[in-house]
Amino acid sequence: MGNRDLQVVGEMPDQLLRHLTLRQLQIFEAIVRLGSYTKAAEELFLTQPTVSMQIKKMTDTIGLPLFEQADRKHRPTEVGQDIYRATRAMFDILSNMETSIAGFKGLKRGKFRLGVITTAQYFAPEILGEFCKEYPEIDVSLEVTNRDSVFERIKHGEDDLYIVGQMQDEPPGMVSIPFAANPMVVVASKDHPLANERDISFERLAKEPLILREPGSGVRDITMRMFNEHDLHPKVRMELGSNEAIKNAVVGGLGISMLSLHTLTLEGATGPVDILDVEGFPVQRQWHLVYSKERDLSLIAKTFLEFIQTKGAEIDVRMDKLIADFDLIHQERWRSLSKS
Ligand code: PGA
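If you read the sequence shown in the numbering used here, its first letter stands for residue 16, the second for the next number, and so on.
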């Protein structure tokens with residue numbers, strides 16, 4: 016390309032180019048995202064006075080306050096929010112530029128942020144590990160939060176890509192791609208009386224004390240929806256904030272629960288948690304990859320998207336095998352019960 020082809024379109028932002036630095040924008044972006052000067056300083060390996068000084072210089076350049084303090088957190092002002100959006104868009108472009116330059120050098124290098132819903136922690140780290148082995152130059156970060164928090168992160172464009180469970184309505188402005196099975200099952204302890212029964216009705220199930228995930232959890236939503244659809248009220252014994260805590264409570268005989276089958280991946284069918292033979296279960300749900308239509312996916316995010324889609328079939332096989340293992344144990348138990 017000759018120099019004559021390189022035309023500058025529109026005005027160059029002289030004032031900002033002369034006074035604003037990318038480092039200042041990086042610090043500003045981290046403060047908005049993390050809601051704190053201290054956390055931003057930690058993430059960027061800077062001292063707090065450096066962070067404060069750079070933000071002061073940036074505020075002088077802009078000529079308006081960038082932050083206001085609320086609930087002991089630093090929140091961006093209206094102009095701050097505008098600058099944040101523009102900064103994120105600029106960093107996306109820079110990050111693509113970096114990846115593309117690395118691509119010319121034959122490298123896949125850069126940053127990739129994945130945000131996943133709590134229950135996806137049973138498979139996402141493994142896939143991320145395999146991805147890192149294939150692309151060791153890519154610096155990855157994984158954020159695990161419940162459904163409501165993931166949607167907050169999506170709204171603020173905090174990660175490159177997200178893994179969420181089945182959604183009732185597709186969030187507006189988002190692309191959502193189903194890629195693997197996420198069956199939901201009813202769990203109980205191995206010695207629960209219902210573990211010996213077949214074809215348990217939902218009405219019978221509703222009589223058992225139920226352990227529920229915390230508000231904001233996707234699994235909690237679908238559990239409540241199923242009770243609503245059957246016009247029944249669950250007998251909620253307790254609410255717990257993690258799948259692991261629920262499994263322990265179930266094993267301790269505190270009640271039954273509805274969980275994703277993925278939560279039983281490590282212990283398998285021979286572990287202390289059983290799944291009950293309830294009508295309509297397992298409920299077939301899907302994991303979805305989600306990203307914003309407004310933001311161009313980075314080249315690395317596109318690479319990860321393709322990578323994880325090839326893993327979907329492996330996850331499906333793993334889930335089918337787990338169901339088949341439980342089935343085998345149940346068939347044997349029912350056979351021996353019918354003999355005695
Ligand atoms: P949760 O969502 O981990 O927030 O409960 C999982 C799902 O929707 O399957």
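Note that the Cβ used here is the ideal one computed from N, Cα and C, for glycine as well.
What is the DSSP secondary structure of residue i, reduced to helix, strand or coil?
| i | result |
| --- | --- |
| L129 | strand |
| Y99 | helix |
| E149 | helix |
| P208 | helix |
| R48 | helix |
| L79 | coil |
| A196 | strand |
| N18 | Any reading at N18 needs caution, since the residue's pLDDT is 47, under 50, leaving its predicted position unreliable; the model's value is listed next. Reduced to three states, the DSSP call for N18 is helix. |
| G283 | coil |
| L343 | helix |
| G267 | coil |
| H277 | helix |
| M239 | helix |
| N258 | helix |
| R310 | coil |
| R333 | helix |
| P230 | coil |
| V66 | helix |
| D246 | coil |
| L32 | helix |
| Q324 | helix |
| R348 | helix |
| K123 | coil |
| L220 | helix |
Would you list the one or two residues that DSSP bridges to residue i?
| i | result |
| --- | --- |
| I108 | Paired residue(s): none; I108 is not in a bridge. |
| S272 | V202 |
| Y177 | G130 and V305 |
| S156 | R128 |
| S191 | V305 |
| V251 | L225 |
| Q84 | H89 |
| D289 | A203 |
| I215 | V293 |
| V298 | M199 |
Compare the Cα-Cα distances from residue i to each of the options and report the closest residue.
| i | options | result |
| --- | --- | --- |
| G118 | R350, G327 and S313 | S313 |
| H4 | D335, G327 and E309 | In the structure displayed, the chain extends from 16 to 355; residue 4 sits before or after that span and is not available. |
| S156 | F166, G144 and L227 | G144 |
| L276 | M334, R48 and E44 | M334 |
| G78 | M253, V94, E347 and M199 | V94 |
| F322 | E141, T65 and D292 | E141 |
| L279 | T318, G180, K120 and V200 | V200 |
| L109 | D311, P224, R348 and Q69 | D311 |
| Q41 | L32, Q30, L59 and R33 | L59 |
| P297 | R124, L337, K317 and K308 | L337 |
| F154 | L35, E113 and R38 | Per the sequence shown, residue 154 should be read as Asp rather than Phe. Ranking the options by Cα distance to D154, first place goes to E113. |
| A195 | S51, V47 and L320 | L320 |
| L37 | V190, I169 and K72 | K72 |
| H171 | M189, Q181, R235 and Q84 | M189 |
| L225 | G50, Q63, P193 and V265 | V265 |
| N281 | R235, Q136 and K123 | At residue 281 the sequence reads Leu, which differs from the Asn that was named. The shortest Cα separation from L281 among R235, Q136 and K123 belongs to Q136. |
| R348 | M239, E212 and D331 | E212 |
Does the beta-carbon of residue i have 16 or more other beta-carbons within 10 angstroms, so that it is buried, or is it exposed?
| i | result |
| --- | --- |
| F146 | buried |
| Q346 | exposed |
| G17 | Caution applies to G17, whose pLDDT of 42 falls short of 50 and renders its modelled position unreliable; the value that the coordinates give is listed next. By the neighbour-count rule (16 or more Cβ atoms within 10 Å), G17 is not buried but exposed. |
| I315 | buried |
| K148 | exposed |
| Q299 | exposed |
| T92 | exposed |
| A56 | buried |
| A101 | exposed |
| K262 | buried |
| I70 | buried |
| V305 | buried |
| P198 | buried |
| D184 | exposed |
| P249 | buried |
| D29 | exposed |
| S351 | exposed |
| D75 | exposed |
| V293 | buried |
| L81 | buried |
| E223 | buried |
ask   = So, do the stretch 127–140 and the stretch 167–179 have three or more beta carbon pairs nearer to each other than 8 Å?
value = yes
task = Indicate whether the contact test is met: 3 or more Cβ pairs, each with one atom in the stretch 129–148 and one in the stretch 103–117, closer than 8 Å.
result = no
message = Measuring CB atoms only, is the stretch 206–219 touching the stretch 236–250, in the sense that at least three cross pairs come out at less than 8 Å?
response = The stretch 206–219 makes contact with the stretch 236–250: 3 or more CB pairs, one atom from each, lie closer than 8 Å.
request  = Count the CB pairs spanning the stretch 226–233 and the stretch 253–260 that are closer than 8 Å, and state whether there are at least three.
outcome  = yes
ask   = Are the stretch 80–90 and the stretch 281–290 touching, with three or more C-beta to C-beta distances below 8 Å?
value = no
ask   = Is there contact here, the stretch 262–279 with the stretch 188–207, by at least three beta-carbon pairs under 8 Å?
value = yes
request  = Evaluate contact between the stretch 151–167 and the stretch 336–344, counting only Cβ atoms and requiring at least three cross-stretch pairs below 8 Å.
outcome  = The stretch 151–167, when compared against the stretch 336–344, does not touch it at the 8 Å Cβ threshold.
message = Residues around the ligand GTP, please: the ones whose beta-carbon is closer than 5 Å to some heavy atom of it, in chain order.
response = The model depicted lacks the ligand GTP and carries the ligand PGA instead.
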